[in-house]
Amino acid sequence: MTTKDPLPCDLRQKACDIYSGDHLLAESLFNSNIPALGNKKPNELLGSPEGRKLVNELLTKMECGEFT
């Protein structure tokens, strides 16, 4: 089973949804070093399918309450 490669705009929208529509907070997330991403910024990972997959997995964990 393969998973569709998420687009950067879809990932940004997912983050915005997690933060109840707060675009500034979502953008802050994408510009922050995230330990779960090897202290990289999500913005740094959006250029490759593998990076987008990692960001998507992080956001999914946040949706499920694994990260706050």
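Residues 84 to 151 (my numbering) are what the sequence shown spells out, left to right. Cβ coordinates follow ideal geometry from the N, Cα and C atoms, glycine included.
Any idea if residue i is buried or exposed, counting beta-carbon neighbours within 10 angstroms, 16 or more meaning buried?
| i | result |
| --- | --- |
| residue 119 | exposed |
| residue 116 | exposed |
| residue 84 | In this prediction, residue 84 has a pLDDT of 44, which is less than 50 and means its spatial position is unreliable; nothing more can be read from the coordinates. |
| residue 139 | buried |
| residue 132 | exposed |
| residue 141 | buried |
What are the partner residues of residue i, as DSSP defines its beta bridges?
| i | result |
| --- | --- |
| residue 123 | 117 |
As a quick exercise: from the options, pick the residue whose alpha carbon is nearest that of residue i.
| i | options | result |
| --- | --- | --- |
| residue 114 | 95, 103 and 100 | 95 |
| residue 91 | 143, 134, 147 and 144 | 134 |
| residue 31 | 136, 104 and 99 | Nothing can be reported for residue 31, as the shown portion of the chain is limited to 84 through 151. |
If you measure between the beta carbons of residue i and residue j, is that distance less than 8 Å?
| i | j | result |
| --- | --- | --- |
| residue 125 | residue 108 | no |
| residue 149 | residue 101 | no |
| residue 99 | residue 105 | yes |
Could you spell out the range, first to last residue, of the alpha helix (DSSP H) harbouring residue i?
| i | result |
| --- | --- |
| residue 134 | 132-146 |
| residue 90 | Looking at the DSSP string, residue 90 is not in any alpha helix (DSSP H), and its letter there is neither H nor E. |
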